[in-house]
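Written below as structure tokens is the structure these notes are about.
Protein chains: 2
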Amino acid sequence: MSRLRNDTFLRALLREPTDYTPLWLMRQAGRYLPEYCETRRRAGSFLDLCKSPALACEVTLQPLARYDLDAAILFSDILTVPDAMGLGLYFAEGEGPRFERPLRSEWEIRNLTAPDPHAELQYVMDAVSEIRRALDGSVPLIGFSGSPWTLACYMVEGGSSSDYRQIKTLAYSRPDLLHHILGVTADAVVAYLNAQIESGAQAAMVFDSWGGVLSEAAYHEFSLPYLKRVVDGLIREREDRRVPSIVFTKGGGLWLESIAAIGADAVGLDWTMDIGRARTLVGDRVALQGNLDPSILFAPPEVVAAEARRVLDAYGPHPGHVFNLGHGISQFTPPESVSALVETVHTHSRKIRSQG
Amino acid sequence: MSRLRNDTFLRALLREPTDYTPLWLMRQAGRYLPEYCETRRRAGSFLDLCKSPALACEVTLQPLARYDLDAAILFSDILTVPDAMGLGLYFAEGEGPRFERPLRSEWEIRNLTAPDPHAELQYVMDAVSEIRRALDGSVPLIGFSGSPWTLACYMVEGGSSSDYRQIKTLAYSRPDLLHHILGVTADAVVAYLNAQIESGAQAAMVFDSWGGVLSEAAYHEFSLPYLKRVVDGLIREREDRRVPSIVFTKGGGLWLESIAAIGADAVGLDWTMDIGRARTLVGDRVALQGNLDPSILFAPPEVVAAEARRVLDAYGPHPGHVFNLGHGISQFTPPESVSALVETVHTHSRKIRSQG
């Protein structure tokens with residue numbers, strides 16, 4: 000593998016001093032980029048795009064060609080693991096992801112097994128290897144997975160949900176069965192992320208997109224322990240470097256301190272909590288990643304710049320900040336907003352450091 | 000007016016000692032009750048039901064006939080105020096509320112005026128008077144309104160939204176126009192709630208259902224100051240009694256302390272924050288209302304009882320707790336779950352007091 004020329008992102012995740020605040024954007028390879036839409040049209044469906052290592056590699060690199068981003072993230076879907084468990088992932092036109100065979104009966108739950116990442120999920124590992132080769136040491140590559148709780152939501156609901164009625168009914172009526180799903184899924188996520196790391200991923204991020212729909216007690220019973228189990232199981236070092244881990248519970252601001260205590264190197268923040276306050280709560284125990292409201296990118300460039308500076312100023316001159324949005328970038332984002340954002344984050348964070 | 004025989008709810012809101020913890024349920028008159036569905040069928044549409052004082056009164060009383068609840072809440076829609084402003088509220092089958100004429104251009108925004116609550120909204124005042132008469136002093140009646148921010152979301156988006164793109168674009172591109180909408184709407188909400196109080200409402204609740212989609216800074220610019228303006232404008236006393244106010248920002252747990260400081264008597268909590276922790280943060284500055292996850296009502300009665308006890312125990316023996324769900328009751332709730340809940344809250348809270 001080529002030597003990594005820009006390791007700012009990896010060092011920031013380990014709270015080491017960096018010359019500026021690195022940034023990448025959740026869902027940075029996505030529909031706001033015309034070149035992405037072009038590749039997706041060629042691929043046929045979204046799933047075909049995910050399952051073709053060559054095309055997944057192509058779209059992963061697209062935002063890096065346009066913008067001076069400090070990391071690439073594997074292009075894939077968060078539901079590849081349950082798909083490989085046999086639930087039958089599909090995308091209905093104009094709707095979100097759905098499963099043909101959601102978990103509904105006890106025998107389906109008892110029969111669940113963690114898939115071999117080098118069998119049904121080999122296409123993901125091939126994409127990781129191909130992207131690493133294509134990046135050629137320019138910036139690090141992030142591997143990722145959904146969290147056990149978030150995957151279980153989709154597996155039990157059969158798709159996204161407005162009220163999480165099926166999984167919460169399970170949680171409160173048959174917690175034993177839900178813990179079984181979560182345990183098998185956590186093992187699957189560990190194997191999946193470790194296979195990505197062995198294939199070349201240089202950091203690992205776990206997306207707990209639906210943790211925020213739980214009560215404080217239920218979050219600490221059904222989501223956080225399984226996030227910890229995933230983090231505990233990850234390969235710590237590879238290619239003579241630490242492989243940093245990031246956990247992100249959307250809507251998890253109220254539980255920041257317990258999330259920061261599970262052993263991950265960094266915690267992702269959505270936009271609902273001031274990042275300066277978050278930093279005060281976690282101190283230098285973890286790095287923080289975030290946290291601009293992605294809707295700010297609908298505003299004129301000078302507003303984007305002002306709001307990005309506000310986030311950087313709130314975090315202050317300490318090491319350990321990776322700039323990001325608080326959620327995936329919207330398909331309606333004007334690409335020039337991203338230019339203003341990248342430019343501002345790099346310039347203004349150098350200025351803060353020179354003054355700090 | 001008849002003397003109020005059960006004022007436990009009003010006294011709890013004022014942090015006065017009570018023999019037990021009073022409870023009511025957000026959306027307690029709703030589709031989980033077969034008798035509600037029956038009345039609604041008779042009414043024709045949901046809006047016809049809201050606009051008929053006799054039928055609104057009938058459904059308001061239905062949950063009280065079944066359960067030993069400590070308050071009634073006016074049956075109405077949160078979008079009556081913008082409807083009276085001329086935006087044209089309608090309900091498309093199987094969808095949420097929509098406006099025929101959402102606010103899109105600057106002149107529409109500049110032309111916005113607060114409606115006279117005794118003109119276009121007289122049907123609400125008639126419902127309030129009729130419900131008060133029908134309650135005949137059994138329990139107090141809560142009046143309510145949407146918050147200025149939440150109403151503005153619907154007025155600008157034209158309906159509910161998954162990303163709040165229109166209103167956030169306005170917030171970050173033309174904050175002056177958004178502040179104009181919020182100012183006019185706050186005045187309208189004050190006049191509307193005061194007319195409800197003059198017609199017989201004995202407490203006033205402001206639902207900020209969408210405050211939680213904002214960043215910390217934006218919440219403190221676009222939602223909280225207008226909640227305060229509403230609370231400041233409310234009639235404080237009527238029929239020789241204090242008229243308590245409750246503000247509820249769904250997803251506002253991170254901002255609890257600033258919400259508790261605006262002068263409302265009580266703050267509503269969704270289920271994401273442990274109510275014991277919330278009580279530690281606010282002390283006895285405000286009463287707290289909440290905060291069971293409504294999904295718990297899908298579980299068997301013994302689980303409902305155990306989870307209700309958990310909320311009561313977390314709050315402890317202090318005065319100032321009104322038990323409620325953290326969000327409106329789901330249409331899929333089995334009515335017998337509500338029986339278990341009401342019974343447990345009344346019995347267990349007496350026990351806590353006798354031990355405390």
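Same order as they appear, the protein sequences are chains Y and C. The first sequence begins at 0 in numbering that gives the first Met the number 0 and counts up by one. The second sequence begins at 0 in numbering that gives the first Met the number 0 and counts up by one. From the three backbone atoms N, C-alpha and C, an ideal C-beta is built for every residue, glycine too. Computed from a predicted model, the values in this text were never measured in an experiment.
Do S348 of chain Y and L311 of chain Y have their CB atoms nearer than 9 angstroms?
yes
Comparing alpha-carbon positions, which option in C:V212, C:A216 and C:T332 lies nearest G275 of chain Y?
C:A216
Is any beta-carbon of chain C found at less than 9 angstroms from that of K167 of chain Y?
yes
Using beta carbons (cut-off 9 angstroms, strictly below), is V285 of chain C in contact with chain Y?
no
Just to make sure I have the definition right: I need the residues of chain Y whose C-beta is within less than 8 angstroms of the C-beta of A216 of chain C. Which are they?
D273 and R309
Less than 9 angstroms between the beta carbons of T279 of chain Y and G267 of chain Y, yes or no?
no
What does G252 of chain C touch in chain Y if you count any residue whose Cβ is under 7 angstroms from its own?
L253
At a CB-CB cut-off below 7 angstroms, which residues of chain C make contact with W270 of chain Y?
S214
If we ignore side chains and look at the alpha-carbon of each, how far apart do G157 of chain Y and Q121 of chain Y end up?
24 angstroms
Would you kindly work out how many angstroms separate the C-alpha atoms of F221 of chain Y and V212 of chain C, rounded to a whole number?
24 angstroms
With 9 angstroms as the threshold, decide whether the Cβ of I295 of chain C is near any Cβ in chain Y.
yes
Using 9 angstroms as the limit for Cβ to Cβ distance, is E220 of chain Y near chain C?
no
Chain Y within 9 angstroms of F8 of chain C, Cβ atoms only:
no
Would R308 of chain Y and S137 of chain Y qualify as a contact pair, given that the criterion is a beta-carbon distance under 9 angstroms?
no
Partners in chain C for D18 of chain Y, counting only beta-carbon separations shorter than 8 angstroms
Within 8 angstroms Cβ-Cβ: nothing; D18 of chain Y doesn't reach chain C, min ~27 angstroms.
Using only alpha-carbon positions, find the residue among Y:F297, Y:D292 and Y:S244 that is nearest to A286 of chain Y.
Y:S244
Measure from the C-beta of V281 of chain Y to each C-beta in chain C and report whether the shortest distance is under 9 angstroms.
no
Thinking C-alpha only, which one of Y:V246, Y:G93 and Y:Y218 is nearest D273 of chain C?
Y:Y218
If I measure Cβ to Cβ from P300 of chain Y and keep anything under 6 angstroms in the same chain, skipping five residues before and after, which residues do I get?
A339
At a CB-CB cut-off below 9 angstroms, which residues of chain C make contact with V302 of chain Y?
Y171 and S172
Hey, does S329 of chain C have any beta-carbon neighbour from chain Y nearer than 9 angstroms?
yes
Helix, strand or coil for R109 of chain Y, going by three-state DSSP, please let me know.
helix
Roughly how many angstroms separate the alpha carbons of G182 of chain Y and V188 of chain Y, rounded to a whole number?
10 angstroms
Three or more C-beta pairs closer than 8 angstroms, one from the segment 14-24 of chain Y and one from the segment 69-84 of chain Y: is that the case here?
yes
Quick check on the DSSP output: the alpha helix (DSSP H) that includes V337 of chain Y runs from which residue to which?
P334 to Q354
Beta-carbon proximity list for D135 of chain Y, same chain, < 7 angstroms, skipping 5 on both sides
S1
Which residue from C:T271, C:A305 and C:L169 puts its Cα closest to that of G251 of chain C?
C:T271
Is A305 of chain Y helix, strand or coil when you go by DSSP?
helix
List the residues that DSSP assigns as beta-bridge partners of L88 of chain Y.
Y:F98
When you compare each of C:L32, C:L48, C:C36 and C:L86 to L63 of chain C by their alpha carbons, which one comes out closest?
C:L32
How would you write the range of the beta strand (DSSP E) that D207 of chain C sits in, first residue to last?
A202 to D207
Could you pull the start and end residues of the alpha helix (DSSP H) that A55 of chain C belongs to?
P52 to R65
Just to confirm, is the Cβ distance from V303 of chain Y to T346 of chain Y under 9 angstroms?
no
Using the beta-carbon count (16 or more within 10 Å), is F98 of chain Y buried or exposed?
buried
Are the CB atoms of T184 of chain C and M154 of chain C nearer to each other than 9 angstroms?
yes
Residues near R241 of chain C in its chain [Cβ-Cβ closer than 7 angstroms; skip 5 each side]
L13 and R235
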